[in-house]
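Residue numbers (our numbering): 11 to 464. By construction, the Cβ of each residue, glycine as well, lies at the ideal position given by its N, Cα and C atoms.
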Ligand SMILES: [Zn+2]
Ligand SMILES: [Zn+2]
Ligand SMILES: [Zn+2]
């Protein structure tokens, strides 16, 4: 006898299945329900419409391993912004062997193991998948002041303390490089260190340093790299331009809205607006005779460096990796100019997605989710988050544990953090009471989780 299940029964079984298998698309989900409840008369269309009406979308958001709208607590729902992130596939992207790029509705752009692996048809744990230098190697703002006087390498920003015979000096200015290799790679030096607009570039550096605003400097630097590649290039291939254009972009003002401190406090929001506008003016003076980005492009650029940079620089292939709290690859920075090394964290199989982590994996599910929500605009429903969420709920229900994140360290805003923003954060900490259900503002922006071996 066939039975017509009620809407509630369908919702319940979907939630149950999604807990253990959050990745299932609608067809597989339907097949799974059929196998669990063979007597149910349930069409794919009815399943889809029930899921839609209960916000149990079958299309996960990019950057998450799945999405079940119902699992996102009310107070976080209007802060999701990942769907507003724009990302294009790069044509002619050169890929390492056995790695493919994909672009799916569910996951957006990402990398996966090739569907056809030579025997034994898996990649062993620890295998080096690729190494890559930065697409744009950007000096950290803490060192930019040393570059014009030759106290740090003009390209890699390595402080130059010794009188090493490897050091190369510029014949026009006081700038120096730690090696002839750095000198050769440094295409920006002649445009920003001497020439007509050196003082305008100096103003950009000064503004970034005074406001401790790394993202502003990173964006200006990347834009300069793209602009001068265009002007100098002459040839049809523009790898930096194509690479930067292919990175995921999100307007910084949209990202900011996900931060409740700015959303709920007009005064803090206005202060940040003023900082952005001041930065734009400084930027426009340098680019006035080149090509000026619109204010929207500028805000997108700031958002772009915030979501894509790794330790302050931009790596093209690495930036294609989506997040999981159980990542399948390890990313290590092996050196300023050598770049990053990406290795298999476990045995990898055909079609398996390559994932990295955007957050500190030692933190608990509440911390990780908040951090991912604020930094990248999605609510993580990876299998680890789902498992730990269930444990937390069970503990809460039994009163055994009311684990709060009070030991969660508030780290410095590594990349995004302008001085004003930091000040604003400390002010708002004093003025704004915590929303009752948010146990702890474990809020940090954009510090990167990498192991550095230099
Ligand atoms: Zn160097
Ligand atoms: Zn020079
Ligand atoms: Zn997760």
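Query	Result
Express the C-alpha separation of residue 89 and residue 458 in angstroms, rounding to a whole number.	For residue 458, the pLDDT reaches just 37, beneath the cut-off of 50, and the residue's location in the model is therefore unreliable, leaving the point undetermined.
At a cut-off of 7 Å, would you count residue 1 as near ligand 1, judging by its Cβ distance to the nearest heavy atom?	This structure cannot speak to residue 1, because the chain is shown only from 11 to 464.
When you compare each of 197, 375 and 333 to residue 398 by their alpha carbons, which one comes out closest?	375
Assign residue 75 to buried or exposed, taking buried as 16 or more other Cβ atoms, counted over all protein chains shown, within 10 Å of its Cβ.	Since pLDDT at residue 75 reaches only 36, below the 50 mark, its modelled position is unreliable, and no value is offered.
Would you say the segment 357 to 367 touches the segment 331 to 344, given that touching needs at least three Cβ pairs under 8 Å?	yes
Pop quiz: residue 94 and residue 317 are said to be a contact at Cβ under 8 Å. What is the actual Cβ separation, rounded to whole angstroms?	Contact doesn't hold; Cβ gap of about 12 Å is too wide.
With a threshold of 7 Å (Cβ to nearest heavy atom), would residue 335 be considered close to ligand 2?	no
Taking three-plus beta-carbon pairs below 8 Å as touching, is the segment 135 to 151 in contact with the segment 215 to 227?	yes
Mind reading off the beta-carbon distance from residue 222 to residue 295? Whole number of angstroms is fine, and I expect it under 8 Å.	About 21 Å separates the two Cβ atoms, so there is no contact after all.
Beta carbon of residue 57, beta carbon of residue 36: below 8 Å?	yes
Go to residue 30, then tell me how far its beta strand (DSSP E) extends in each direction, as first and last residue.	Per DSSP, residue 30 belongs to no beta strand (DSSP E); it is in the alpha helix (DSSP H), 17 to 30.
Is the beta carbon of residue 58 within less than 7 Å of some heavy atom of ligand 1?	no
I'd like to know if the segment 182 to 200 and the segment 95 to 111 are in contact, where contact means that at least 3 CB-CB pairs between them fall below 8 Å.	no
What residues sit near ligand 1, counting only those whose C-beta is closer than 6 Å to one of its heavy atoms, in chain order?	163, 165, 166, 168, 187, 188, 189 and 192
Under 8 Å, do residue 347 and residue 166 count as touching if we go by C-beta distance?	yes
With three or more C-beta pairs closer than 8 Å as the rule, is the segment 349 to 363 touching the segment 120 to 136?	yes
Tell me which same chain residues have a C-beta within less than 8 Å of the C-beta of residue 217, skipping the five on either side of it?	223, 226, 288, 289 and 292
What does a CB cutoff of less than 7 Å around residue 213 pick up in its chain, not counting 5 residues either side in sequence?	292 and 295
Cα separation between residue 344 and residue 352?	10 Å
Look up residue 180 in the DSSP assignment and say whether it is helix, strand or coil.	coil
With distances taken from CA atoms, which of 373, 20, 17 and 158 is nearest residue 202?	158
Can you give me the C-alpha to C-alpha distance between residue 326 and residue 254, rounded to a whole angstrom?	8 Å
My understanding is that residue 91 touches residue 276, with C-beta atoms under 8 Å, so please give their C-beta distance in whole angstroms.	Wrong, their Cβ atoms sit about 19 Å apart, outside the cutoff.
Helix, strand or coil for residue 387, going by three-state DSSP, please let me know.	coil
What number of angstroms, rounded off, separates the C-alpha of residue 518 from the C-alpha of residue 171?	The chain is shown only over 11 to 464; residue 518 falls outside these bounds and no answer can be derived.
If distances are taken between C-alpha atoms only, which option among 20, 138 and 335 comes closest to residue 54?	20
Evaluate residue 464 with the Cβ neighbour count: other Cβ atoms within 10 Å of its Cβ, from every protein chain shown; 16 or more gives buried, anything less gives exposed.	Residue confidence is low: residue 464 scores 33 on pLDDT, short of 50, so the model does not pin down where it sits. Its coordinate-derived value is still stated next. Classification of residue 464: exposed, given that the 10 Å Cβ count is below 16.
Would you tell me roughly how many angstroms separate the C-alpha atoms of residue 154 and residue 215, rounded to the nearest one?	7 Å
Just mark residue 369 as buried or exposed, buried being the case when its beta carbon has 16 or more other beta carbons within 10 Å.	buried
Is the beta carbon of residue 314 sitting closer than 8 Å to the one on residue 233?	no
Given the structure, does residue 183 come close to ligand 3, in the sense that its CB is under 7 Å from one of the ligand's heavy atoms?	no
State the start and end residues of the unbroken beta strand (DSSP E) segment that holds residue 340.	339 to 345
Between 284, 323 and 45, which lies nearest to residue 231 when the distance is taken from Cα to Cα?	323
Which of the three DSSP states is assigned to residue 212 in this structure?	helix
Per DSSP, which residues does residue 186 bridge with? Please list them.	163 and 179
Can you give the Cα-Cα distance for residue 240 and residue 141, rounded to whole angstroms?	26 Å
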